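Trainee: Would you mind keeping the following structure in view while I ask a few things?
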Amino acid sequence: MGRSASGQLLAPPGRYPGGGRGTGSRLALAVAGTPASSHGTQGEGMGFRGKSIRRKTGALVLVPLLSLVSVWAFAATDAVGEARSVGAASDAASALGDPTREVALAAQRERRQTLVYLGDPRRADSLSELREIRQETDQAATLARHGAAEARGGLRTSARERLDRMVSALDGLDQLRGQVESNTISRTGALDAYGDVVALAFRVQSSLQPVDDPDLDRHGRAVVGLAQARESLSAEDALIAGALAAGRTSEGELRALADRMAQRELAYDTHLPDLTLEDRQAHEAFWDSGTGRILASAEESLLQGSTAAVQADTWQETGASALDQLAELGREADQRYQDRLDPRTSDAAVRAWLMGGLGLVAVVVSAAVALRVGRDLSGDLRGLAREATDAAEVRLPGVTRRLAAGEHVDVETEAPRLEYGPDEFGRIGRSLNTLQREAVSAAVQRAHTRRGMSEVFVNLARRSQVLLHRQLSLLDGLEGRTADSANLADIVRLNHLATRMRRHADGLVLLSGAAPARQWRKPEQLMDVVRAAVDEVEDFERVEVRRLPALAVSGGAVADLVHLVAELLENATLFSPPHTAVQVDGERVPHGFTLEIHDRGLGMTADALREANRRLADPPEFEPSDTDRIGLFVVARLAARHGIRVSLRDSPYGGTTAVALVPGELLTETRELPGERDRLPGRPERPALRGGPVELEAPVGAPDMVLGPAVPEPRAPEPSEHEAHPAEHGPAREDDGRHAAPGLPRRHRTPVLVAD
1 MGRSASGQLL APPGRYPGGG RGTGSRLALA VAGTPASSHG TQGEGMGFRG
51 KSIRRKTGAL VLVPLLSLVS VWAFAATDAV GEARSVGAAS DAASALGDPT
101 REVALAAQRE RRQTLVYLGD PRRADSLSEL REIRQETDQA ATLARHGAAE
151 ARGGLRTSAR ERLDRMVSAL DGLDQLRGQV ESNTISRTGA LDAYGDVVAL
201 AFRVQSSLQP VDDPDLDRHG RAVVGLAQAR ESLSAEDALI AGALAAGRTS
251 EGELRALADR MAQRELAYDT HLPDLTLEDR QAHEAFWDSG TGRILASAEE
301 SLLQGSTAAV QADTWQETGA SALDQLAELG READQRYQDR LDPRTSDAAV
351 RAWLMGGLGL VAVVVSAAVA LRVGRDLSGD LRGLAREATD AAEVRLPGVT
401 RRLAAGEHVD VETEAPRLEY GPDEFGRIGR SLNTLQREAV SAAVQRAHTR
451 RGMSEVFVNL ARRSQVLLHR QLSLLDGLEG RTADSANLAD IVRLNHLATR
501 MRRHADGLVL LSGAAPARQW RKPEQLMDVV RAAVDEVEDF ERVEVRRLPA
551 LAVSGGAVAD LVHLVAELLE NATLFSPPHT AVQVDGERVP HGFTLEIHDR
601 GLGMTADALR EANRRLADPP EFEPSDTDRI GLFVVARLAA RHGIRVSLRD
651 SPYGGTTAVA LVPGELLTET RELPGERDRL PGRPERPALR GGPVELEAPV
701 GAPDMVLGPA VPEPRAPEPS EHEAHPAEHG PAREDDGRHA APGLPRRHRT
751 PVLVAD
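In the UniProt record's numbering, the protein residues as written are 1 to 756.
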């Protein structure tokens with residue numbers, strides 16, 4: 001079968017180069033080319049292009065919600081982190097505050113007793129008293145170590161480093177004590193060594209600030225500064241106690257005493273302004289009171305080198321009283337500091353809970369509102385989508401099927417007016433409803449128009465069939481009365497053209513949805529059916545028909561099978577080179593009989609074959625625009641009417657093979673006439689159906705021998721076929737027995753019959 005250079009099967013007017021002419025109603029097994037490659041959807045890079053409405057509304061809700069959650073999570077994390085940090089620092093301060101304070105006090109007491117021992121080692125009870133005080137220091141150090149282990153995780157890096165240095169200094173006390181007992185360290189050396197331990201304890205205390213507040217930080221440092229001022233006084237007390245025990249004062253001790261007095265004054269000047277008013281007044285009152293004045297007078301005497309002016313008992317009483325009073329003032333200042341610190345610590349925890357709780361409530365409420373709005377929006381859109389889908393996939397196809405079946409369709413019933421709200425979705429719904437009504441109305445109007453056109457086509461086709469039948473009858477009469485061979489050949493050609501025109505008229509009736517007018521009352525030989533089909537092809541000389549078995553086709557299927565085979569043969573001759581043959585053969589199969597038609601054309605592409613076979617297996621509704629597929633549609637309709645399966649495939653000769661599987665229900669066994677297989681060319685042959693050619697059997701062993709034209713013989717009427725003459729507006733009627741329908745005219749040229 002003919003194909004274009006691109007491999008598609010075509011059926012344009014005209015002829016194969018050098019071949020026979022085509023006709024307007026020939027089989028067009030062409031499959032329309034695929035549409036031009038669709039352009040990529042503009043904006044494919046957009047992440048939500050082509051996504052569902054539900055996903056888009058979800059994204060619309062999710063993006064701001066995620067932003068809100070991110071802000072809330074950041075704020076809550078920061079607040080909770082601050083609360084945890086404050087809580088951990090507060091716990092660390094609670095765990096280390098008292099132990100480090102006790103370490104400082106114990107180290108101060110041990111230092112005083114150490115310097116007294118170094119001043120007079122020969123005193124009997126000085127060493128025993130020193131060892132008792134050392135036990136108190138060891139107990140305080142043990143508590144400090146436990147507190148350090150407990151609070152270490154809640155401290156900042158700098159605080160942990162200071163804590164480690166303090167613990168290391170406490171671990172080194174044993175070495176210092178050994179030097180003291182061996183009298184290998186001076187009183188000023190011991191003073192400085194113990195002073196380092198006390199200073200490290202104060203540094204740890206100053207790093208236990210749990211809240212990052214500049215005002216509180218200054219207050220806390222001022223409290224520690226008071227303790228450092230007292231430490232300076234404690235160092236003075238130790239120096240003076242040692243000097244009194246020794247009965248003399250060295251130049252180094254005097255310088256150390258002066259340094260400690262200067263450090264104390266500097267500490268007061270630096271930190272008193274940062275204390276509360278009560279604390280400042282309390283310290284000023286102390287130094288202006290009797291104890292403070294006595295202490296200052298004793299210090300002046302010692303700085304002048306007069307140790308004799310200071311009595312040991314008096315100094316011990318005055319120094320101890322001053323240290324106790326200053327310690328009490330320090331505790332009161334620390335308590336006031338804690339009174340300010342505790343609410344801030346609690347505020348951090350409350351702020352964290354409020355930030356987390358209220359933020360979570362805000363997020364939940366926002367999420368609930370957003371989800372509700374998104375759900376309502378998505379629900380409205382899904383409702384519109386369902387209505388549009390129902391209209392496009394259920395209602396309109398149903399209306400189309402009912403209209404195709406000839407049923408009456410009411411627009412108001414099939415597309416009722418629906419009520420929608422006044423919002424944007426309502427406007428869309430009303431637009432969809434209007435569109436649906438217009439589509440149904442257009443389908444109804446189109447069905448009415450097509451029905452009217454079909455009636456017009458059927459009427460014209462019936463008229464043409466009547467005229468063609470009368471023309472064939474006249475041509476048969478002329479053929480019988482004509483003796484001149486030239487005139488007889490022209491009459492035969494006219495008869496042949498009229499037969500083809502009758503087939504085209506039958507195709508027009510079929511396209512209009514009506515039943516064909518021609519019917520046979522009794523079965524006909526399958527070979528005669530094929531001969532009749534070959535007779536309706538212009539280039540019938542190129543058709544080679546191999547012998548077919550003795551089978552008969554039921555009368556109700558004869559006309560349609562002739563039409564079907566003729567369409568396939570005509571397409572094979574039109575779209576194959578004129579010098580090539582078209583072969584027809586067949587064989588029995590379990591479910592019937594397969595008839596195969598082979599051509600030597602250009603063939604078809606795989607896509608074209610696939611599309612053509614799809615249309616043949618499931619014939620679509622005929623569209624007037626499919627003018628290049630009329631033959632394909634006619635074959636599909638004829639095959640579907642009788643359960644015949646027609647398919648196309650690649651031919652072993654390079655072209656296309658059309659295979660028609662005739663079901664067994666349409667076939668019956670017949671007996672072959674005696675001597676038919678031995679018939680020679682030129683002998684009388686069995687007449688075929690009306691208008692069909694007569695094939696002569698080739699001699700056995702010469703399958704490729706082409707026989708010449710047969711000599712015209714007198715007609716032998718064969719009442720095997722009866723045509724129903726169509727009325728213009730009524731059903732076809734069969735010829736009565738008084739006027740038998742004439743047989744098909746004989747042809748001077750016959751298709752080649754190839755021996756088995």
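Backbone N, C-alpha and C define an ideal beta-carbon position, used for all residues, glycine too. Only a predicted model underlies this, so the values are computations on that prediction, with no experimental measurement involved.
Flag this pair as touching only if the region 594-609 and the region 648-658 have three or more C-beta atom pairs under 8 angstroms; answer yes or no.
Mentor: With the cut-off at 8 angstroms, the region 594-609 and the region 648-658 touch.
Trainee: Inspect the CB distances between the region 461-479 and the region 424-439 and report whether three or more fall short of 8 angstroms.
Mentor: Result no; under three Cβ-Cβ pairs closer than 8 angstroms.
Trainee: Give the DSSP-derived three-state secondary structure of Arg-600 in the structure shown.
Mentor: As a working mapping, residue 600 is identified with position 600 in the sequence shown. Here Arg-600 sits in coil by DSSP.
Trainee: Nearest by alpha-carbon distance to Met-453: which of Val-492, Val-509, Asp-192, Met-261 is it?
Mentor: For this step, residue 453 is matched to residue 453 along the sequence shown. Of the listed residues, the one whose Cα sits closest to Met-453 is Val-509.
Trainee: With H, G and I counted as helix, E and B as strand and the rest as coil, what does DSSP make of Arg-203?
Mentor: Sequence index remark: in the sequence shown, residue 203 carries index 203 (1-based). If DSSP states are grouped into helix, strand and coil, Arg-203 belongs with the helices.
Trainee: Since Leu-143 contacts Glu-102 with CB under 8 angstroms, what's their CB separation in whole angstroms?
Mentor: As a first step, residue 143 must be located in the sequence shown, where it is residue number 143. As a first step, residue 102 must be located in the sequence shown, where it is residue number 102. Contact flag correct, Cβ pair sits at about 7 angstroms.
Trainee: Measuring CB to CB, does Gly-319 end up less than 8 angstroms from Asp-237?
Mentor: Position 319 of the sequence shown, counted from the first residue, corresponds to residue 319. Position 237 of the sequence shown, counted from the first residue, corresponds to residue 237. Yes. Within cutoff.
Trainee: Could you tell me whether the region 323-340 touches the region 217-234, using the rule of 3 or more Cβ pairs below 8 angstroms?
Mentor: Judged by Cβ distances under 8 angstroms, the region 323-340 makes contact with the region 217-234, as three or more pairs qualify.
Trainee: If you check the beta carbons only, do Thr-270 and Gln-325 fall under 8 angstroms apart?
Mentor: As a working mapping, residue 270 is identified with position 270 in the sequence shown. As a working mapping, residue 325 is identified with position 325 in the sequence shown. For Thr-270 and Gln-325, no; Cβs fall outside 8 angstroms.
Trainee: With Gln-583 as the anchor, note down where its beta strand (DSSP E) starts and where it stops.
Mentor: What you label residue 583 is simply residue 583 of the sequence shown in a count that begins at 1. Residues 582-589.
Trainee: Out of Arg-264, Leu-275, Gln-436, Val-180, which one is the CA nearest neighbour of Arg-221?
Mentor: Position 221 of the sequence shown, counting from 1, holds the residue named residue 221. Of the listed residues, the one whose Cα sits closest to Arg-221 is Leu-275.
Trainee: Going by DSSP, what residue range makes up the beta strand (DSSP E) through Val-553?
Mentor: Here residue 553 corresponds to residue number 553 of the sequence shown, with the count starting at 1. Unbroken beta strand (DSSP E) run through Val-553: 551-553.
Trainee: For Val-634 and Val-562, I'd like the C-alpha separation in whole angstroms.
Mentor: Counting from 1 along the sequence shown, the entry for residue 634 is found at position 634. Counting from 1 along the sequence shown, the entry for residue 562 is found at position 562. Those two C-alpha atoms are separated by around 12 angstroms.
Trainee: Whose C-beta lies closer than 7 angstroms to the C-beta of Arg-402 among residues of the same chain, with five residues either side of it excluded?
Mentor: Taking the first residue of the sequence shown as position 1, residue 402 is located at position 402. Once the five neighbours on either side are set aside, the close Cβ partners of Arg-402 are Val-409.
Trainee: Keeping to the same chain, check which residues put their C-beta closer than 6 angstroms to that of Ala-367; ignore five residues upstream and five downstream.
Mentor: The residue labelled residue 367 in the question sits at position 367 within the sequence shown. These residues qualify, in order along the chain: Leu-65.
Trainee: Assuming Ala-439 and Ser-512 are in contact, meaning their beta carbons sit under 8 angstroms apart, how far apart are those beta carbons, in whole angstroms?
Mentor: Numbered from 1 along the sequence shown, position 439 holds the residue referred to as residue 439. Numbered from 1 along the sequence shown, position 512 holds the residue referred to as residue 512. The pair is not a contact, with the Cβ atoms about 25 angstroms apart (cut-off 8 angstroms).
Trainee: First and last residue of the alpha helix (DSSP H) that includes Asp-215?
Mentor: On the sequence shown, position 215 is the one that residue 215 refers to. Run containing Asp-215: 214-246, per the alpha helix (DSSP H) assignment.
Trainee: Give me the Cα-Cα distance between Tyr-420 and Asp-376, rounded to the nearest whole angstrom.
Mentor: Position 420 of the sequence shown, counted from the first residue, corresponds to residue 420. Position 376 of the sequence shown, counted from the first residue, corresponds to residue 376. Taking the straight line joining both Cα atoms gives about 15 angstroms.
Trainee: Using DSSP bridges, identify the partner residues of Gln-525.
Mentor: Residue 525 sits at position 525 when you count from the first residue of the sequence shown. The partner list for Gln-525 (beta bridge, DSSP) reads Ala-552.
Trainee: Please state the DSSP three-state secondary structure of Ala-296.
Mentor: Start at 1 with the first residue of the sequence shown, and residue 296 comes out as number 296. Ala-296: helix per DSSP, three-state reduction.
Trainee: Where Arg-351 and Leu-60 are concerned, what is the direct C-alpha to C-alpha distance, given to the nearest angstrom?
Mentor: By 1-based counting over the sequence shown, the position of residue 351 is 351. By 1-based counting over the sequence shown, the position of residue 60 is 60. If you take the alpha carbons of Arg-351 and Leu-60, they lie about 32 angstroms apart.
Trainee: Here's the rule: buried if 16 or more other CB atoms are within 10 angstroms of the residue's CB, otherwise exposed. What is Gly-383?
Mentor: Locating residue 383 in the sequence shown gives position 383, where the first residue counts as 1. The residue in question, Gly-383, is exposed, as its Cβ has fewer than 16 Cβ neighbours within 10 Å.
Trainee: If the criterion is Cβ atoms closer than 8 angstroms, does the pair Ser-651 and Asp-599 meet it?
Mentor: Taking the sequence shown and counting its residues from 1, the one referred to as residue 651 is at position 651. Taking the sequence shown and counting its residues from 1, the one referred to as residue 599 is at position 599. Going by C-beta atoms, Ser-651 is nearer than 8 angstroms to Asp-599.
Trainee: Leaving out five residues on either side along the sequence, give the residues of the same chain with a beta carbon under 7 angstroms from the beta carbon of Leu-127.
Mentor: On the sequence shown, residue 127 is found 127 positions in, with the first residue counted as 1. Excluding sequence neighbours, Leu-127 sits near Tyr-117.
Trainee: Taking the continuous beta strand (DSSP E) assigned at Arg-645, which residues delimit it?
Mentor: Along the sequence shown, read from residue 1 onward, the residue named residue 645 stands at position 645. Here the beta strand (DSSP E) through Arg-645 covers 645-650.
Trainee: Going along the chain, which residues of its own chain have a beta-carbon closer than 6 angstroms to the beta-carbon of Ala-267, five neighbours each way excluded?
Mentor: Position 267 of the sequence shown, counting from 1, holds the residue named residue 267. So the qualifying residues of the chain are Gly-225, Gln-228, Ala-229.
Trainee: Measure from the alpha carbon of Glu-132 to the alpha carbon of each residue in Ala-107, Arg-156, Pro-523, then state which is nearest.
Mentor: If you number the sequence shown from 1, residue 132 lands on position 132. Ranking the options by Cα distance to Glu-132, first place goes to Ala-107.
Trainee: Quick one: grab the DSSP three-state call for Ala-741.
Mentor: In the sequence shown, the residue the question calls residue 741 occupies position 741. Any answer about Ala-741 is weak, because its pLDDT of 36 lies below 50 and its placement is not dependable; what the coordinates show is given next. Of the three classes helix, strand and coil, the one that applies to Ala-741 here is coil, per DSSP.
Trainee: Any chance the region 62-78 sits against the region 178-195, with 3 or more Cβ pairs inside 8 angstroms?
Mentor: With the cut-off at 8 angstroms, the region 62-78 and the region 178-195 do not touch.
Trainee: Considering Leu-661, what are the terminal residues of the beta strand (DSSP E) in which it resides?
Mentor: In the sequence shown, the residue the question calls residue 661 occupies position 661. It spans 656-663 - the beta strand (DSSP E) in which Leu-661 sits, taken as one unbroken run.
Trainee: For Arg-417, name the three-state secondary structure that DSSP assigns.
Mentor: Residue 417 sits at position 417 when you count from the first residue of the sequence shown. Arg-417 falls in the coil class under three-state DSSP.
Trainee: Please report the Cβ distance between Pro-523 and Gly-555, rounded to the nearest whole angstrom; I am assuming they are in contact, meaning their Cβ atoms lie under 8 angstroms.
Mentor: By 1-based counting over the sequence shown, the position of residue 523 is 523. By 1-based counting over the sequence shown, the position of residue 555 is 555. About 6 angstroms separates the two Cβ atoms, so the contact holds.
Trainee: So, for Trp-72: in the same chain, excluding its five sequence neighbours on each side, which residues have a beta-carbon less than 6 angstroms away from its beta-carbon?
Mentor: Position 72 of the sequence shown, counted from the start, is the residue given in the question as residue 72. The residues are Gly-359, Val-363.
Trainee: Quick one: using the 10 Å Cβ neighbour count with 16 as the cut-off for buried, is Ala-617 buried or exposed?
Mentor: Here residue 617 refers to the residue found at position 617 when the sequence shown is read from its first residue. Exposed.
Trainee: Go ahead and label Leu-200 buried or exposed: buried means 16 or more other beta carbons lie within 10 angstroms of its beta carbon, across all protein chains shown.
Mentor: As a position in the sequence shown, residue 200 is number 200, starting the count at 1. Flag for Leu-200 reads buried.
Trainee: Any idea what DSSP makes of Leu-275, helix, strand or coil?
Mentor: As a working note, residue 275 is residue 275 in the sequence shown. Looking at Leu-275 - three-state DSSP - the assignment turns out to be coil, as it is neither helix nor strand.
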